[in-house]
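Asker:
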Amino acid sequence: KMSVQREDVYESADLPSEDPNAKFVKPEKTSPDEEVELIHIDVDSAMKKFSGRVLNCQNIDFSDSIAKKRLHAYGSSAYVLEIVGKDYGEAESPEQKFNRLTYEIAELGELLKKDENAKTELLTENSLNQLMDELKATKIAKATGSGEILSKPKSDASKSSKAAPDANVASMEGRIKRIETLLGSIGEAPAPLIDTLESLRYRTETYNSTFLDGIESRLNTVLSKLDQVESRKKQGENGELEEKVDSIYELMNKWDASCSNLPATVKRLQSLRGLHEQASQFSERLVQLVGIKEEMEKAASTTRLAVGELQGQTKEEIGSLLKQIASLEARLKK
């Protein structure tokens, strides 16, 4: 019995034996460079992690410039340049989180500058500026507290000693703002810490005995002036009240005279309304009569035309009949 679906195989001792899986095995490449490390990549896990990601290669800048700007690397729809976090093998360090937050806040600021419609009640330029100030304050506090020096230009090196108290004040203001956002602030607008301290200092100075006597004398003068103003206001209010009462009395007198004539005017208005209704009915009937008259005139004109045509036809028929009678009489005479 011959098999149709299988291939024909011819065996011979002259041909060398080949491995059928040899074409599916890729030869191992040995790199001459020892610094290149060959790693094994799992295709399935890579597809799961990077599915739906697009690599953006526009506006790339890897130049080592002295300009104070942020370099542009490969971008994507999500932050996948450093694969860290709970879903991956390596956890995200606090420094990496801090850098990611700074870049995201900077990108949000650029987005708000480009697109005004992206602003909301929570997402505004002021809120982003406050977040950036807090991040800068933490950077400065870390640098001054641990003795490390950040990568700044040489012109800012002389200002590092002066920035220490400002950094402490900024960090304290940031903590107070966070507490106020969690618990709710009492004031309408939160003031800076230095301004509140100045206002408290001025308030404590006013409690001295030297200032209290002057304040008491000023308060007495203000109270006397307020009494004078209230007395004048009462006098003015009484005069205005009398004028209003007089005007109301005159108006009521006029209204009494008009009220006596009110029933007669109501009757006149009712009769006038009935007259208007009759006039409207009369106009409608008159329009109907005019339409009937026009229809009758059209019918009379058509009948006149028919009578004229009938007269002409009868005249012609009578003439032809007379001619026939005359011809018959002539024939009879012959």
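As numbered in full-length UniProt numbering, residues 1 to 334 make up the sequence shown, in order. We put the CB at the ideal spot given by N, CA and C, even for glycine.
1) Given this structure, state the Cα-to-Cα distance separating L322 from L289, to the nearest angstrom.
2) Can you check whether the CB of L112 is closer than 8 Å to the CB of E95?
3) Kindly indicate which three-state DSSP category L112 falls into: helix, strand or coil?
4) Taking its Cβ as the centre, do 16 or more other Cβ atoms sit within 10 Å of K1, making it buried, or is it exposed?
5) Using a 10 Å radius around the Cβ and a threshold of 16 neighbouring Cβ atoms, would you call E309 buried or exposed?
6) For the alpha helix (DSSP H) holding D42, just list the boundary residues, first then last.
7) How would you label E173, buried or exposed, when you count the other beta carbons within 10 angstroms and need 16 or more for buried?
8) In chain order, what residues of the same chain lie with their CB nearer than 8 Å to the CB of L332, ignoring the 5 residues before and after it?
9) Go to L123, then tell me how far its alpha helix (DSSP H) extends in each direction, as first and last residue.
10) If you check the beta carbons only, do L123 and I105 fall under 8 Å apart?
11) By the DSSP assignment, the alpha helix (DSSP H) with F282 in it spans what residues?
12) Does the separation of the CB atoms of L135 and L108 fall below 8 Å?
13) In the structure shown, what three-state DSSP assignment does V36 receive?
14) Could you check if A137 is buried or exposed, using at least 16 other CB atoms within 10 Å of its CB as the buried criterion?
15) Tell me the rounded alpha-carbon separation between N220 and L226.
16) So, with DSSP's three-state summary, where would you put F50?
17) Tell me which same chain residues have a C-beta within less than 7 Å of the C-beta of A330, skipping the five on either side of it?
18) Mapping DSSP to helix, strand and coil, what is S93?
19) State the Cα-Cα distance for the pair R232 and V245, rounded to the nearest angstrom.
20) Any heavy atom of the ligand NAD within a distance shorter than 7 Å of the CB on K244?
21) Taking 8 Å as the threshold (C-beta atoms), are N168 and A141 in contact?
22) State the Cα-Cα distance for the pair L241 and T265, rounded to the nearest angstrom.
23) Would you say A170 and D115 are within 8 Å of each other, going by their C-beta atoms?
24) Give the secondary structure of G85 by DSSP, where H, G and I count as helix, E and B as strand, and everything else as coil.
25) Using the Cα positions of K234 and Q228, report the straight-line distance between them to the nearest angstrom.
Answerer: Judging by the given coordinates:
1) 48 Å
2) no
3) helix
4) Residue confidence is low: K1 scores 47 on pLDDT, short of 50, so the model does not pin down where it sits. No coordinate-derived value is stated.
5) exposed
6) Boundaries cannot be given for D42, as no alpha helix (DSSP H) includes it and DSSP labels it neither H nor E.
7) Its Cβ being crowded by 16 or more others within 10 Å, E173 is buried.
8) none
9) Careful: L123 lies outside any alpha helix (DSSP H) and carries neither H nor E.
10) No.
11) L262 to K333
12) Judged by their CB atoms, L135 and L108 are not nearer to each other than the 8 Å cut-off.
13) In the three-state scheme derived from DSSP, where H, G and I count as helix and E and B as strand, V36 is classed as coil.
14) buried
15) 10 Å
16) coil
17) none
18) coil
19) Going by the C-alpha atoms only, they are around 20 Å apart.
20) What this structure holds is no ligand at all, so the ligand NAD is not there to describe.
21) The Cβ-Cβ distance between A141 and N168 falls below 8 Å.
22) 35 Å
23) no
24) Bear in mind that a pLDDT of 49 at G85, under 50, signals an unreliable position, so the number given afterwards is only what the model happens to contain. The answer is coil: DSSP assigns G85 none of H, G, I, E or B.
25) 10 Å
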